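> Numbering-wise (the working numbering), the sequence shown opens with residue 29 and increments by one. Structure incoming, see below.
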Amino acid sequence: FTVLVLAGIPLRFAFKHILLVSPFIIILALSCPLYDKSPLVVAFGPFVLQISAGWMRCFAILGKFVVTMLALIALVSTTRFGDLLAGLGRLGVPKLLIIQLGLLYRYIFVLIDRAGRILRARAGRKMRNLGLKPELKIAAAMVGSLLIRSIDTAEHINIAMQGRGFDGNWRSLSESRIRRSDIWFILIAVSFILLLYLFVRPVLQ
């Protein structure tokens, strides 16, 4: 939460994206109390709570999911994708995987643009509802058209990249370096994780 607030990212924006990907995790977490009903006592100072192990596991899954998603949203919202790829390269991630991630990230926007054009063309020619079966046939034709156009677009992009001398290396005008603020952030994050491990873990055991 602190990183999101300092970065100026609205919490509403963060939780909106968490809700979009949360249904599967919620179903998984709510299934835990159904098969694990063994009693468990949680004590935190003067407060004592008796709860089943299934509910404790449910809260743990939801908590880890929310924290992980908040960290991911904070990372993606405050760091350029090119810097993320450069960081992955310094961490020893294979070069081929980094190239695939970079091209996938850029091709996604090309596909979204192509799909938007097809949908706008369809909306401009649609005069009435045709029923479920004809609509499914039209949707299948639209997907096929998008696939063919994406292959053609990929070939043009490949030719353009080769013409500009792309050899598989991502080049940047500025060299990324570790700053003093980055070191402080790492130290604070590691200290916070250690405090959680030392003080919260014994309570949950």
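Beta carbons are placed, not taken as given, at the ideal position from N, Cα and C, and that holds for glycine. Since we're looking at a predicted model, the values are computed, not measured.
Measuring CB atoms only, is the segment 88–103 touching the segment 53–70, in the sense that at least three cross pairs come out at less than 8 Å?
yes
> Which complete alpha helix (DSSP H) runs does the segment 90–172 hold, if anything under 4 residues is left out?
109–118, 123–153
> Starting from the C-beta of residue 150, find all residues in its chain whose C-beta is less than 8 Å away, skip the five residues before and the five after it, and write them out in chain order.
166, 170
> Check for me: the beta strand (DSSP E) holding residue 53 runs from which residue to which?
Careful: residue 53 lies outside any beta strand (DSSP E), inside the alpha helix (DSSP H) at 51–58.
> To which residues of the same chain is residue 65 closer than 8 Å at the C-beta, ignoring the five residues directly before and after it?
80, 81, 82
> If you reduce the DSSP assignment to three classes, tell me which class residue 61 lands in.
helix
> Let me make sure I understand the geometry here. Which of 137, 70, 140, 124 has the alpha-carbon closest to that of residue 196?
Comparing alpha-carbon positions, the option among 137, 70, 140, 124 lying closest to residue 196 turns out to be 124.
> Give me, in chain order, the residues of the same chain whose beta-carbon lies closer than 7 Å to that of residue 28; leave out the 5 immediate sequence neighbours on both sides.
Lying outside 29 to 233, the shown extent of the chain, residue 28 is not represented and no answer is given.
> In angstroms with no decimal places, state the Cα-to-Cα distance between residue 192 and residue 133.
19 Å
> Measuring CB to CB, does residue 102 end up less than 8 Å from residue 32?
yes
> What do you reckon, are the CB atoms on residue 126 and residue 116 nearer than 8 Å?
yes
> Report the residue from 75, 100, 222, 57 whose alpha carbon sits nearest the alpha carbon of residue 89.
57
> DSSP three-state label for residue 178, please.
helix
> In terms of DSSP beta bridges, what is residue 79 paired with?
68
> Report, in whole angstroms, the separation of the C-beta atoms of residue 97 and residue 46, which I expect to be a contact under 8 Å.
Their Cβ separation, rounded to whole angstroms, is 5 Å, which keeps residue 97 and residue 46 in contact under 8 Å.
> Between the alpha carbons of residue 224 and residue 70, how many angstroms are there, rounded?
16 Å
> Report yes if the CB atom of residue 173 is closer than 8 Å to the CB atom of residue 146, and no otherwise.
yes
> Within this structure, are the beta carbons of residue 35 and residue 105 separated by less than 8 Å?
yes
> Can you give me the C-alpha to C-alpha distance between residue 99 and residue 49, rounded to a whole angstrom?
15 Å
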